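Residue numbers (our numbering), protein chains in the order written: chain A, 1 to 663; chain B, 1001 to 1076. All C-beta atoms, glycine included, are put in the ideal place defined by N, C-alpha and C. Owing to the predicted nature of the structure, the values given are computational and were not obtained by experimental measurement.
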C-alpha cells in the first residue's frame, strides 16, 4: 500500500537455441523489466536480432508509408483481426497495395504540387492584369529599373512632382493600389524613396512569357482539369482505403510487435552457446515465470534470483488498492517515487476528496460533480488520463455532497434554512423543510472554518514529516532526526496558534481541552499577544535540533513552516469564497425570478442564474478547489518527504488493440 | 472590541486592502511563473506537475491577505 511492489533481481539464462522461445515467453508473461546489457567483453557480446527482424521491419516500413499515403493514421478497425489471417494474406496484400497505392499517392502529390504552382502564379500575376504589359517585359533592361507590387495609396502625384521621366501603370484595388513603375536607373533611388512613403510591397513576377491576362485564364482552366484528375485519384484511393484500412492498421500493429520482439536480443548478453537476460521481476511472480519457462522452453532456459546490491535501483510499480489506483495519476504528474520511498497515493486518496469536498461543500454541486465523474468513467474509457480523472471527480463530488448535506446544509449555494443572522435570506424552506441544520455556515462561521483548516494542516504536515522520517531512517539517521526536530517546531507553532485562538472558536476550544491537555497551561503576554511558554520551549528545542542536524541554514525555513501551516487556511478561503459567489448571484437574481411578476424577466433571470451558477460556481469553483486540493498535497505535504525520480516498471510486454494472437 | 462606526469603516477598508493588495501580488508572481511553466510544459509535458507546483506557490500570499482580512473583520 504505502510501499511499491517488491522487486527481485533475476537473470534468465539458457542455451542460445532457446533464446527466441524465451523472449516470446517473457513477452507473453509481461513481468520482466529488462536491464540493458552494456558491458561487452571477450565472452559476452550483444545479441543478434532474430532472423525475421529484417523482413518484418521492411514490411513495417512499407505499411507505415502506406498509412501516411492513405491518410489513415487515426483509423480504428471495427473488429480485431486474427494474426494467422494477417500472416497468410500479408505478402499478397502488400503487392496489391504497393501496385495501387504507391503510384497513386505519388501522382496525387505531383498534381497537388502543380495546382499549388499554378495558383501561386495566378496570385502573383493578379495585380498586373489589365496593364497590357507582357510578363517578360518586367525585367531585362540595362538603363531602366522596374518596381512591381502594391502601395497603400496612389503614388502618382508624388512621382509626377519629383521624377523627370517615368511610366506608371496602376490599378485601384479593394485595400491597395497595384502598380508597375518603370523609371530610369539614375532616378531609382528617388523613386524607391517615394514608393516607401506609400508603403510599397514588392511582388516578384514569375518567369513566364505572355500577357498576364492570358496566363491567368490558361492556368485557371488547367487547374480545373488537374482538380478533376485529383478527384478521380482520391476516389480510387478512397476505395482502397475502404477495402484495406482495417487490414493495414491491424498488420502494422502485428508487425510492430514482431519487430519489438525480434530486436530484443540487441539488449541482452549472448555468448557462442548461451544467453543471459538480466532484469527485475515482481517478487510475487518469480515462481510463475519459473514454471512458464520450464514448460515453454523444455528446460533449456532457467530463471535464477540474484541478491540485489546496495546501489541497485529497482524499477517502481506502485501497488495500491483498486479504489486508490486512479490517484496514482497525481503521483505520476510529479514523478515516480523511488523504490525505497513511501508511496503517498493512499494519503492523496484520503485527503484529496476531503479537501475538495470541504472547499466545494454543497449538495447540489457535489451531486453534479458526481454525475460528471460518472459520465467520464462511462464515456471516456479511451482516454486513460481522463478516465482516471473521472474517478477522482467522482470521489471529490461524493465528499462535496456529504459536506454539503451534513456540515453546510446547502444545495446550489442556497441553504436548507436561512441562517439565524439573516432570517430573510432565500432558502430551500420554500420548497421543503429539510430536517438538517448546518453545523457550519460559510458566511458567518469563517473563523471557525479557518481554525478547522489549521488543525487539518497540522495533521497533514505532521504526517508529511513522519513520512520523511521513515524515508530517511535507513539512509541517514541524521536526516531522520531532523524530521523529528521539524515535528517539534511544527507542534510548537500549532500549540502557540491554539493558545492565541483560546476559546474564540469551538475548534480551538476543543483542541485545547482534549489534545493539548498534557501541555502545561503556562502563558505570558508579549505586546498584547498570548505566548505559550511550552510552545516556545518546543520551538527552541526543535530549532536547536535543526541547527545540529541540518545546519544553521535550516533556520530560514522555520518561517516557511509557519507559512505552510497558514497555507491551509485556503480550505476555508475557497469554501467561503464559493459560498459568497453563489450568494451574490442568488441574491441578485432570485428577486428577478420570484418577485418581478413578469414571466419573460423571470425566465431570463433563471437563465442568467443557471449560466452564472454553472460557469462561475460549478466549473471555476470545482477547478480551483481541485487545484488547491492538489497543491496542498504537492507543495505543503510532498516537500516534507518526497524526492521522486524512480524508474517506472516497464516489463517486456506489448498490447494488441486490433489483432488477436492465434494459439 | 467595539469600534465606533468610522473606525469600523476604516477597519473594513483595511481588510479590503489586505486581501486586494495580496491578490495583486499573487497575480504578478503567478503571471510570470505561469508563463515560464507553460513554456517548460510545452517543451516537456513531464514538467506539468513541477510547473503546477511552482505556479501555485505564490498563492499563499493571497491566503495571508485573506487571514489578515478576517482577523480585522473579527475585530469589527
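Under DSSP, no beta-bridge partner is assigned to residue 285 (chain A). Between residue 1 (chain A) and residue 321 (chain A) a beta carbon distance of about 7 Å is seen, short of the 8 Å cut, so the two are scored as contacting.
Looking at the backbone, the Cα of residue 648 (chain A) and that of residue 607 (chain A) are separated by about 49 Å. If the five residues before and after residue 36 (chain A) are omitted, its C-beta is found closer than 7 Å to the C-beta atoms of 267, all from its own chain and listed in chain order. Counting other Cβ atoms within 10 Å of its Cβ, residue 384 (chain A) stays below 16 and is therefore classed as exposed. With fewer than three CB-CB distances shorter than 8 Å, the segment 372-387 of chain A does not count as touching the segment 418-436 of chain A. Residue nearest to residue 264 (chain A) within the set A:447, A:439, A:19 is A:19 (criterion: CA-CA distance).
The beta carbon of residue 335 (chain A) sits closer than 8 Å to some beta carbon of chain B. DSSP places residue 149 (chain A) inside the beta strand (DSSP E), whose first and last residues are 144-151. Inclusion of residue 660 (chain A) and residue 82 (chain A) in the CB contact set at 8 Å is warranted, their separation being smaller than that value. Put simply, of A:209, A:144, A:591 the residue whose alpha carbon is nearest the alpha carbon of residue 191 (chain A) is A:144. A Cβ of chain B is located within less than 8 Å of the beta carbon of residue 563 (chain A). Chain order gives the chain B residues near residue 573 (chain A) as 1063, 1066, where near means a beta carbon separation below 7 Å. Around the beta carbon of residue 435 (chain A), a 10 Å sphere encloses fewer than 16 other beta carbons of the protein chains shown; the residue is thus reported as exposed. Taking the CA atoms as reference points, residue 639 (chain A) sits about 10 Å from residue 632 (chain A).
In the structure shown, residue 300 (chain A) falls within a coil segment according to DSSP collapsed to helix, strand and coil. Counting only runs of 3+ residues, the beta strand (DSSP E) found wholly inside the segment 483-539 of chain A occupies 523-526, 529-532, in chain order. Out of B:1004, B:1003, B:1020, B:1007, the CA that lies nearest to the CA of residue 1068 (chain B) is found in B:1020. Here DSSP, grouped into helix, strand and coil, assigns residue 338 (chain A) to coil. Shown here, residue 642 (chain A) sits in coil according to DSSP, grouped into three states, outside any helix or strand. Among the residues facing chain A, residue 1056 (chain B) is included, as its CB has a counterpart in that chain under 8 Å away. Chain-ordered, the chain B residues with CB closer than 9 Å to the CB of residue 446 (chain A) read 1070, 1073, 1074. Taking residue 79 (chain A) as the centre and dropping the five residues before and after it, the same chain places the C-beta of 246 closer than 8 Å to its C-beta, in chain order. Closer than 7 Å at the C-beta level to chain B, one finds no residue of the segment 509-530 of chain A. By the Cβ-count criterion, residue 403 (chain A) is buried, with 16 or more other Cβ atoms from all chains shown falling within 10 Å of its own Cβ.
For residue 274 (chain A), the pairing in a beta bridge is given by DSSP as A:15. In the three-state scheme derived from DSSP, where H, G and I count as helix and E and B as strand, residue 380 (chain A) is classed as coil.
Residue pairing for residue 172 (chain A): DSSP places it in a beta bridge opposite A:177. Check the Cα spacing between residue 1057 (chain B) and each of A:76, A:592, A:235, A:560: the tightest is with A:560. Between residue 412 (chain A) and residue 613 (chain A), the beta carbon gap of about 6 Å places them in contact (Cβ cut-off 8 Å). Annotation for residue 1010 (chain B): the continuous alpha helix (DSSP H) segment containing it runs 1005-1043. For the segment 607-628 of chain A, the beta-carbon criterion of a distance under 8 Å to any beta-carbon of chain B is satisfied by 627, 628. By the rule that beta-carbons nearer than 8 Å mark a contact, residue 1053 (chain B) touches chain A. The DSSP-derived three-state label of residue 44 (chain A) is coil. Between the segment 302-322 of chain A and the segment 615-633 of chain A, the count of Cβ pairs shorter than 8 Å is below three; the stretches do not touch.
Within the segment 633-663 of chain A, the residues whose Cβ lies closer than 7 Å to some Cβ of chain B are 634, 635, listed in chain order.
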